[in-house]
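Participant: Have a look at the structure that comes next, please.
Numbering (UniProt numbering), first residue to last: 1 to 419.
Structural data, given as structure tokens:
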């Protein structure tokens, strides 16, 4: 971006009328919840990529060690670490153990947050709420998932009272079926699915080739096992490996339907999110505390909210959660510079963008989960890392992150860059 364009953007950011809703969230106050460090691991293909043999505890140890070393925060000041995770058995044991193994003292507590795809954002909200209430001063929010090591087995068998309930019973529907439900109910064509997905891959290809993603990623030193020879070797994973260069709507049109048993059978392996391994983390505290500690202030977390809807069309959750969070801050969609909306499926992406009448240039400018993957527990934190990096690149200020949530929910948060 040219220096002239940067000056114009800076002026535009300050032109909001005094007292306007946007100006209020741009204002700096001592009690603001701020982010002083954030990063993510690479996102790699489940069972095929560079992190396929890295269990969640090792992934967390690697990322949290990077947080401890790169943030320059005194580890003894970190009072709680909340880990968003969906699939790992015994994840409460895993989270606490990883915090200790990463070099944090026994005084640093740990917990796990699980609201499916929003778990990473829920972890941010949980840490922020503890700071606001005075329970802690400094905390770390994390999202992490190994879908190689822990596959999503879907809903468990449930009781008759659930199975016989007209709404609750919808939670037995597989995620693929909910995608087809959205496409069927709202008339989203296969062509729209593939066009949306192709744009995600194309934007991600551009971002990766331009080096924009380097600003987000901390490398992971790990081991990988050759499935043919059994040889184990040390590797450094430093790059997302799910981005398929040269993807077009025409190439995606050749991919067969993933769920032919459900009409309209428009969802495919090419236009839905990838199964992926990865993690992301953020250090949070009050602005006043960051200033006392001499910590750099990267961004402000304004708040988050959740919305519920019928499980059978869970994908449209962001179309409810985004207006809800904007309303809580009296903001309009025009006040937002970037929308990071998780691309669980193209069906929900197409619906949400159209329903909210969003400027497509503001939506997932680096691509989304269709191109990079969707490690369930990590996505809510990963989106924040991506959004804030892109705000810095564009010299813009305000981002909304949002995602649909299995069992029929949507979540959204607002972040302000202070680059």
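Using N, Cα and C, we set each Cβ at its ideal position, and we do this for glycine too.
Please read these numbers as outputs of a predicted model, since none were measured by experiment.
(1) If you drop the 5 nearest sequence neighbours on each side, which residues of the same chain put their C-beta closer than 8 Å to that of residue 298?
(2) Measure the Cβ-Cβ separation of residue 126 and residue 113 and say whether it is below 8 Å.
(3) Are residue 79 and residue 139 touching if we call contact CB-CB under 8 Å?
(4) Can you pull the DSSP bridge partners for residue 409?
(5) Along the chain, which unbroken stretches of the alpha helix (DSSP H) at least 4 residues long are found entirely within the stretch 259-293?
(6) Return the first residue and the last residue of the beta strand (DSSP E) that residue 220 is part of.
(7) Is it buried or exposed for residue 294, if we count other Cβ within 10 angstroms and need 16 for buried?
(8) Pick from 27, 350, 57, 22: whose alpha carbon is nearest that of residue 278?
(9) Straight-line CA distance for residue 394 to residue 212?
(10) Using the rule of at least 16 other Cβ atoms within 10 Å of the residue's Cβ for burial, across every protein chain shown, is residue 44 buried or exposed?
(11) Quick check on DSSP: helix, strand or coil for residue 351?
(12) Can you tell me which of the three DSSP states residue 380 falls into?
(13) Enumerate in chain order the residues of its own chain whose CB-to-CB distance from residue 163 is below 6 Å, with the five nearest sequence positions on each side excluded.
(14) Using only CA atoms, which one of 330, 87, 205 lies nearest to residue 151?
(15) Following the continuous alpha helix (DSSP H) through residue 93, name the residue where it begins and the one where it ends.
(16) Is it true that the stretch 234-245 meets the stretch 392-407, where meeting means three or more beta-carbon pairs spaced less than 8 Å apart?
(17) Within a Cβ cutoff of 8 Å, which residues of the same chain sit near residue 223, ignoring the five residues on either side of it in sequence?
(18) Between residue 349 and residue 363, what straight-line distance do the alpha-carbon atoms span, to the nearest angstrom?
Facilitator: A quick look at the data gives this:
(1) Position 298 of the chain shown, counted from the first residue, corresponds to residue 298. Within the same chain, Cβ atoms closer than 8 Å to the Cβ of residue 298 are found at 34, 35, 36, 37, 38, 388, 417, 418, 419, the five residues on either side in sequence being excluded.
(2) Locating residue 126 in the chain shown gives position 126, where the first residue counts as 1. Locating residue 113 in the chain shown gives position 113, where the first residue counts as 1. Their beta carbons are under 8 Å apart, which means residue 126 touches residue 113 by this criterion.
(3) As a working note, residue 79 is residue 79 in the chain shown. As a working note, residue 139 is residue 139 in the chain shown. Going by C-beta atoms, residue 79 is nearer than 8 Å to residue 139.
(4) In the chain shown, residue 409 corresponds to position 409, counting from 1. In the DSSP output, where bridge partners are listed per residue, residue 409 has 308, 405.
(5) Within the stretch 259-293, the complete alpha helix (DSSP H) runs of at least 4 residues are 287-293.
(6) For the purposes of this step, residue 220 is identified with residue 220 of the chain shown, where counting begins at 1. For residue 220, the enclosing beta strand (DSSP E) has its first and last residue at 220-225.
(7) Here the question's residue 294 lines up with position 294 in the chain shown. With fewer than 16 Cβ atoms within 10 Å of its Cβ, residue 294 is classed as exposed.
(8) Counting from one through the chain shown, the residue named residue 278 turns up at place 278. Closest option to residue 278, Cα to Cα, is 57.
(9) The residue given as residue 394 occupies position 394 in the chain shown. The residue given as residue 212 occupies position 212 in the chain shown. When rounded, the distance between both Cα atoms is 11 Å.
(10) Taking the chain shown and counting its residues from 1, one reaches residue 44 at position 44. Buried: at least 16 other Cβ atoms inside 10 Å.
(11) On the chain shown, position 351 is the one that residue 351 refers to. In this structure, residue 351 counts as helix in the three-state DSSP scheme.
(12) In the chain shown, residue 380 corresponds to position 380, counting from 1. Reduced to three states, the DSSP call for residue 380 is helix.
(13) Sequence index remark: in the chain shown, residue 163 carries index 163 (1-based). Counting only Cβ-Cβ distances below 6 Å, and skipping sequence neighbours, we find 169.
(14) In the chain shown, residue 151 corresponds to position 151, counting from 1. Measuring from the Cα of residue 151, the nearest candidate turns out to be 87.
(15) Mapped onto the chain shown, residue 93 falls at position 93. Residues 91-101.
(16) No, the stretch 234-245 does not touch the stretch 392-407.
(17) Here residue 223 is taken as the residue at index 223 of the chain shown, counted from 1. 53, 54, 232, 233, 234, 235.
(18) As a first step, residue 349 is located in the chain shown; it is residue number 349 there, counting from the start. As a first step, residue 363 is located in the chain shown; it is residue number 363 there, counting from the start. So the alpha carbons of these two residues sit roughly 10 Å apart.
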